[in-house]
Amino acid sequence: MEANRSVRIRTEVSGYDAMCLLINAGMGIGILPRKSASIYQIPNTRVIELDEEWSQREILIGVRRRSDLQPSAESLLSFLLESGA
Numbered sequence: 001m002e003a004n005r006s007v008r009i010r011t012e013v014s015g016y017d018a019m020c021l022l023i024n025a026g027m028g029i030g031i032l033p034r035k036s037a038s039i040y041q042i043p044n045t046r047v048i049e050l051d052e053e054w055s056q057r058e059i060l061i062g063v064r065r066r067s068d069l070q071p072s073a074e075s076l077l078s079f080l081l082e083s084g085a
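Each residue of the sequence shown is one higher than the one before, starting from 1 at the first, in the UniProt record's numbering.
So, in structure tokens, the structure goes:
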């Protein structure tokens with residue numbers, strides 16, 4: 001649901017661990033990947049899964065020149081491309 005309002009960010013943190021500490025201290029809310037929420041297991045906190053189109057992420061792979069990649073990087077890139085197909 002769109003509220004036609006902008007988000008006011010009052011605090012930015014450098015990592016999910018810091019965000020989870022602030023959430024646990026009752027200093028606000030945070031949006032973080034499911035995996036991070038399960039790793040940090042924030043006590044006394046309810047995790048709510050977002051099921052909205054805006055919350056879906058598109059992840060891209062950046063490569064300058066594929067021909068310049070080391071064999072290990074080429075193997076990883078090939079694996080990722082095959083896995084995402």
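Each residue gets a CB set at the ideal place from its N, CA and C atoms; glycine is no exception.
Comparing alpha-carbon positions, which option in the options lies nearest residue i?
| i | options | result |
| --- | --- | --- |
| L32 | N24, P43, M19 | M19 |
| N44 | L22, V63, D51 | L22 |
| I9 | F79, G30, Q56, V63 | G30 |
| residue 97 | E52, R34, R57 | This structure cannot speak to residue 97, because the chain is shown only from 1 to 85. |
| G84 | N4, R5, S72, L60 | L60 |
By how many angstroms is the C-alpha of residue j removed from the C-alpha of residue i?
| i | j | result |
| --- | --- | --- |
| D68 | E74 | 9 Å |
| G15 | S36 | 10 Å |
| R65 | L77 | 12 Å |
| E52 | E58 | 14 Å |
| L80 | S55 | 22 Å |
| M27 | V63 | 39 Å |
Comparing the C-beta of residue i with each C-beta of chain D, is any distance below 8 Å?
| i | result |
| --- | --- |
| G26 | No chain D is present in this structure, which holds just one protein chain. |
Rounded C-beta distance between residue i and residue j? I'm assuming under 8 Å.
| i | j | result |
| --- | --- | --- |
| E42 | N24 | Per the sequence shown, the amino acid found at residue 42 is Ile instead of Glu. Going by Cβ atoms, the distance from I42 to N24 rounds to 5 Å, so yes, they are a contact pair. |
Keeping to the same chain, check which residues put their C-beta closer than 8 Å to that of residue i; ignore five residues upstream and five downstream.
| i | result |
| --- | --- |
| S6 | none |
Just to confirm the assignment: which complete beta strand (DSSP E) runs, minimum length 3, are found wholly within the UniProt domain "LysR substrate-binding" (2-83)?
none
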